[in-house]
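Participant:
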Amino acid sequence: MISEEILYKPVGELSTLVRARRLSPVELTRACLRRIDVLDPELHAFVTVTRDLALEQARQAESEIARGRDRGPLHGIPFGAKDLLATRGIRTTWGAKPYENRTFDHDAAVIRRLREAGAILLGKLAMIELAGGLGYSKGDASLTGAALNPWNRERWTCGSSSGSGAAVAAALVPFAIGSETWGSIICPSSFCGVAGLRPTLGRVSRQGAMALSWSLDKLGPMARSAHDCEMVLRAIAGHDPEDPFSAPEPAGPASDPATAKRLRIGALKLDFGKVGDKSVGRAFDRALQDLRAAGLRVEEATLPALPFESVATVILNAEVATAYEELERSGDARRLATPQAFLSFVAARAIRGSDVVKASRLRTLCQRAMADFFARYDVLLYPGEMSTAFPADKDFADISWPDPVGAAGNLCGLPAISVPCGFGDDALPAGMTAMSGAFEEHKALSLARFYQGITAWHEKRPPLRPVG
Amino acid sequence: MKITRRSMARLIVGAPVAAAAAAVLPAGALLGARPAAAGEEPATGEATPEGAATHEPEETPLGRFLAKQEEGLTSEERKAVRRQVAGLEESLREIREHSLGNEVPPSDIVRALRSERPRR
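Residue numbers (our numbering), protein chains in the order written: chain X, 2 to 469; chain W, 7 to 126.
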């Protein structure tokens with residue numbers, strides 16, 4: 002019987018055990034499946050559990066490792082994939098009723114790469130319908146209802162990578178793949194107290210993934226630690242001509258926490274006096290104090306004065322309106338869980354062609370300004386979310402939900418990682434986000450790993466009942 | 007108190023914020039990967055985008071355009087569309103007013119695509 006202690010171990014440690022043949026991939030997979038059976042009915046993290054496939058892949062990994070074949074650190078490690086990644090022969094719903102029974106005949110590039118790395122697919126993870134592409138106002142805007150937060154099942158996980166956040170936090174999977182267009186990895190990572198990495202646009206191929214916004218979508222890992230995220234990133238990153246936005250960039254250096262003291266670090270000071278949860282502000286301030294006490298120099302930074310949010314909004318709206326054209330034409334948009342989602346197509350008609358071109362030109366300015374910013378700083382720190390997880394049944398219209406830096410980071414395609422940095426007064430996780438320049442994931446990762454080396458927030462576990 | 011994503015930008019202490027006008031809806035709300043705050047109404051005293059709330063919808067070019075687009079919608083749906091457009095218009099106005107010189111190209115890069123011919 003594999004204990005909860007093992008299931009909460011980071012990928013790096015699991016990998017060491019698996020490769021040393023001290024932990025059986027088959028037993029590990031069975032333990033994850035058992036945990037999913039017991040806990041998922043309360044969390045709603047999975048859309049589909051791929052039990053037979055997982056056991057088959059686990060047996061294959063075990064056999065290969067026994068024969069001395071080593072596919073790398075993910076060999077024999079189970080994972081879950083957000084249900085917007087195509088999986089051959091397994092339904093891919095995009096979290097949306099109109100696609101409830103849709104099955105592709107191919108795997109997405111990320112699924113293929115993880116299979117080649119020897120990872121074991123446990124299932125497809127819940128998500129907000131269409132990754133929030135046509136708007137939503139409640140956490141239950143999903144084919145599978147609201148994913149619930151393992152730290153408190155009356156709270157939401159955030160979206161749109163809802164199941165990815167819940168599954169990692171509850172140790173149903175050692176790692177998960179999520180996606181972010183604007184906040185969909187950083188927010189659930191923050192709310193669920195896990196590490197989540199949004200890679201640079203173009204770092205990870207989106208071939209076979211649902212397109213929400215071609216110029217904003219990113220796929221990335223969510224896991225127990227920054228180091229785990231890096232290991233997964235290395236397996237899924239790389240140029241892919243099948244994704245026209247894929248960048249022919251080298252992998253980049255590995256992160257090194259020992260270099261953190263040489264990083265030029267900026268921090269955004271947010272005013273929690275007007276909005277947000279002050280206890281989240283205190284958690285972030287303590288994180289900065291911890292970093293300074295450990296010898297890092299962190300100075301206050303300000304973002305360039307540019308209309309990041311407006312530009313991102315126009316580009317996103319324009320791209321979304323065409324991305325889901327088939328739903329508009331067929332009338333299937335009216336079958337979504339969000340009753341007025343189809344109205345987004347009507348509203349988007351207010352955008353002129355010249356607006357889209359102007360937004361694209363302004364994006365050039367924004368990218369240049371952020372490139373200059375990251376010539377001065379290696380890493381920018383900020384609280385990815387200014388509050389802890391919302392009540393699961395709350396209408397967002399009643400909640401302040403700021404995202405001060407998300408527009409700039411996503412518009413400019415910049416990488417960021419969220420790691421837990423403490424708890425709010427409601428005993429729910431708070432997150433600190435580290436953003437770095439394009440294709441400089443290693444800098445944000447070095448800082449995040451350094452922080453996780455001096456703190457233990459990432460080792461905290463949610464209060465879930467024991468799984469026998 | 008409802009605070010929007012855009013007005014939140016002003017809460018970054020010391021950050022110069024380009025947006026002068028207050029937004030009435032979360033800018034990412036319309037269709038964003040983040041949720042729509044569908045029920046938000048303009049706060050008292052805040053600027054109201056043209057064609058949104060202070061004008062009769064059909065009085066403006068946008069209003070006339072929308073009236074045509076909204077054919078077949080219920081009055082509740084029409085209201086929802088106009089709330090969404092109000093948020094979007096704020097973003098559109100900001101980018102339309104932003105002055106750009108001829109030297110700034112779009113961020114999209116179009117690469118000529120080579121023909122792939124079968125080997126002879």
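Ideal Cβ placement from N, Cα and C applies to all residues, glycine included. Keep in mind it's a predicted model, so treat the numbers as computed, not measured.
State buried or exposed for Asp84(X), treating a residue as buried only when at least 16 other CB atoms are found within 10 Å of its CB.
Facilitator: buried
Participant: Rounded C-beta distance between Ser1(X) and Ser256(X)? I'm assuming under 8 Å.
Facilitator: What is shown of chain X runs 2 to 469, which leaves residue 1(X) out entirely.
Participant: With DSSP run on the structure shown, which of helix, strand or coil describes Thr158(X)?
Facilitator: DSSP, reduced to helix, strand and coil, places Thr158(X) outside both helices and strands of the structure shown, so it counts as coil.
Participant: Anything in chain W within Cβ reach of Asp356(X), meaning under 8 Å, just list it in chain order.
Facilitator: Leu98, Ile101, Arg102
Participant: Are the beta-carbon atoms of Ala268(X) and Leu297(X) separated by less than 8 Å?
Facilitator: no
Participant: Closest by CA to Asp244(X), which one among Val27(X), Gln453(X), Leu202(X)?
Facilitator: Leu202(X)
Participant: What do you get for Gln208(X), buried or exposed, if any count of 16 or more other CB atoms within 10 angstroms of its CB means buried?
Facilitator: buried
Participant: Are the beta-carbon atoms of Leu1(X) and Val299(X) separated by less than 8 Å?
Facilitator: Since the first residue of chain X shown is 2 and the last is 469, residue 1(X) is not available in this structure.
Participant: Which residues in chain W have a C-beta closer than 8 Å to the C-beta of Lys359(X)? List them in chain order.
Facilitator: Ile101, Arg102, His104, Leu106
Participant: Under 9 Å Cβ-Cβ, which residues of chain X neighbour Glu122(W)?
Facilitator: Correct list: empty, because the minimum Cβ distance to chain X is about 12 Å.
Participant: Taking all protein chains shown into account, do 16 or more other C-beta atoms lie within 10 angstroms of the C-beta of Leu415(X), making it buried, or fewer, making it exposed?
Facilitator: Classification for Leu415(X): buried.
Participant: Could you spell out where the alpha helix (DSSP H) holding Ile237(X) opens and where it closes?
Facilitator: 227-237
Participant: Looking at C-alpha atoms only, which residue of Asp278(X), Gly96(X), Asp394(X) is the closest neighbour of Glu386(X)?
Facilitator: Asp278(X)
Participant: What first and last residue would you give for the beta strand (DSSP E) that runs through Ala196(X)?
Facilitator: Membership of Ala196(X) in the beta strand (DSSP E) is indicated by the continuous run 196-199.
Participant: What is the DSSP secondary structure of Phe105(X), counted as helix, strand or coil?
Facilitator: strand
Participant: The segment 80-95 of chain W: which residues have C-beta closer than 7 Å to a C-beta of chain X, in chain order?
Facilitator: Glu83, Ala86, Val87, Gln90, Val91, Leu94, Glu95
Participant: With respect to the alpha helix (DSSP H) encompassing Leu382(X), which residues constitute its N-terminal and C-terminal limits?
Facilitator: Looking at the DSSP string, Leu382(X) is not in any alpha helix (DSSP H); the run it does join, the beta strand (DSSP E), is 380-383.
Participant: Please confirm whether Val174(X) and Gly81(X) have their CB atoms less than 8 Å apart.
Facilitator: With a cutoff of 8 Å on beta-carbon distance, Val174(X) and Gly81(X) are scored as near each other.
Participant: Give the interface partners of Val110(W) over in chain X, defined as CB-CB distance under 7 Å, in chain order.
Facilitator: Arg362, Thr365, Leu366
Participant: With Met371(X) as the anchor, note down where its alpha helix (DSSP H) starts and where it stops.
Facilitator: 354-377
Participant: Taking the Cβ atom as the reference point for each residue, do Leu363(X) and Leu94(W) lie within a distance shorter than 8 Å?
Facilitator: no
Participant: Could you tell me whether the Cβ of Val315(X) comes closer than 8 Å to any Cβ of chain W?
Facilitator: By the rule that beta-carbons nearer than 8 Å mark a contact, Val315(X) touches chain W.
Participant: Do you know whose CA, among Pro421(X), Pro430(X), Pro249(X), lies nearest Phe391(X)'s CA?
Facilitator: Pro430(X)
Participant: Okay, do the segment 31-39 of chain X and the segment 160-177 of chain X touch, 3+ Cβ pairs below 8 Å being the bar?
Facilitator: yes
Participant: Are Val205(X) and Leu220(X) close, meaning C-beta to C-beta below 8 Å?
Facilitator: yes
Participant: If you reduce the DSSP assignment to three classes, tell me which class Gly78(W) lands in.
Facilitator: In the three-state DSSP reduction, Gly78(W) falls in the coil class, being neither helix nor strand.
Participant: State the start and end residues of the unbroken alpha helix (DSSP H) segment that holds Lys479(X).
Facilitator: Residue 479(X) is absent from the model: chain X starts at 2 and stops at 469.
Participant: In angstroms, rounded to a whole number, what distance separates the CA positions of Thr50(W) and Asp427(X)?
Facilitator: Model confidence at Thr50(W) stands at a pLDDT of 35, short of 50, so the residue's coordinates are unreliable; what they give is reported in the following sentence. Cα to Cα, Thr50(W) sits roughly 32 Å from Asp427(X).
Participant: Can you pull the chain W neighbours of Val347(X), defined as C-beta to C-beta under 7 Å?
Facilitator: Gln75, Glu76, Val87
Participant: With respect to the beta strand (DSSP E) encompassing Lys444(X), which residues constitute its N-terminal and C-terminal limits?
Facilitator: Counting along the chain, Lys444(X) falls outside any beta strand (DSSP E), though it belongs to the alpha helix (DSSP H) covering 442-455.
Participant: Any beta carbon from chain W within less than 8 Å of Gln208(X)'s own beta carbon?
Facilitator: no
Participant: Out of Ala210(X), Ala171(X), Ser162(X), Ala170(X), which has the shortest C-alpha to C-alpha gap to Cys188(X)?
Facilitator: Ser162(X)
Participant: With distances taken Cα to Cα, identify the nearest neighbour of Cys159(X) among Gly134(X), Ala168(X), Ser191(X), Leu15(X).
Facilitator: Ser191(X)
Participant: Taking just the CA atoms, how far does Ala294(X) sit from Leu86(X)?
Facilitator: Distance between the alpha carbons of Leu86(X) and Ala294(X) is about 42 Å.
Participant: Which residues does DSSP pair with Met223(X) in a beta bridge?
Facilitator: Ala177(X), Gly197(X)
Participant: On the DSSP bridge assignment, give the partners of Arg92(X) in chain order.
Facilitator: Paired residue(s): Thr104(X).
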